[in-house]
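Residues 1 to 156, numbered by UniProt numbering, are exactly what the sequence shown covers, in order. Please read the structure below before turning to the comments.
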Amino acid sequence: MTRRGWIIGSAVAIAGIAAGGAAFVRLAPTRPAEWDVDPAREGRTGPGRHLIAEEGDAPPLQLAAPPGMVLDALSEIAAEEGGTRIVWRPDDGRATWEVRSRVMGFPDYVSVRAVPAGGGTVLTAYSRLRYGADDMGVNEDRLNRWTAALKARLPG
């Protein structure tokens, strides 16, 4: 094989591997039972993760609105961001969303829990990546945007 043929063959092989990896990331199924967690019980923080909970990266949010209203508003905020779909919302004050990056479609997961407290709600949240080791602050930025929008949208 000539040097030129070797280079072209290598380039084609690398492109094929990259395309296969991208397809895997985009098409990998989501199993809600694997990704739905209770943020109040989650203790893992660090690169690629952001936890709003006692002993987390930020304290839980105290909101004046009832839990159902908080979750409905958060669902609207998530939908407005795009690339987001709810994958789990049982009737116990929890919800989990899958959020895909715009370019490569990498999935992140955001789980929240809204519990009644003193006529309002305590909200805990956990945003984390599915693939990789670091997200360059994307999950923290997302939770900061979502919680700021939530505070602006809800009464009190």
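C-beta atoms are modelled at their ideal positions from N, C-alpha and C, and glycine is treated no differently. Here the structure is a predicted model, which means the values were calculated and not measured.
Report all residues from its chain with a CB closer than 7 Å to the CB of alanine 133; omit the five preceding and five following residues, and keep chain order.
Cβ contact annotation for alanine 133 (same chain, cutoff 7 Å, sequence separation greater than five): Pro47, Gly48, in chain order.
Counted within 10 angstroms of its Cβ, other Cβ atoms place serine 10 as buried (16 or more) or exposed:
Exposed, by the Cβ-count rule.
So, are the CB atoms of proline 59 and glycine 93 less than 7 Å apart?
At the C-beta level, proline 59 and glycine 93 stay beyond 7 Å of one another.
Please list the segments of the beta strand (DSSP E) lying wholly inside the region 62-120, counting only runs of 3 or more residues, in order along the chain.
Segments of the beta strand (DSSP E) lying fully in the region 62-120: 84-88, 94-100, 107-117.
At a cut of 8 Å, does the region 93-102 reach the region 71-84 through at least three beta carbon pairs?
Result yes; three or more Cβ-Cβ pairs closer than 8 Å.
How would you write the range of the alpha helix (DSSP H) that arginine 153 sits in, first residue to last?
That run of the alpha helix (DSSP H) goes 138-153.
From the DSSP output, in three-state form, read off arginine 49 for me.
Taken through DSSP and simplified to helix, strand or coil, arginine 49 comes out as strand.
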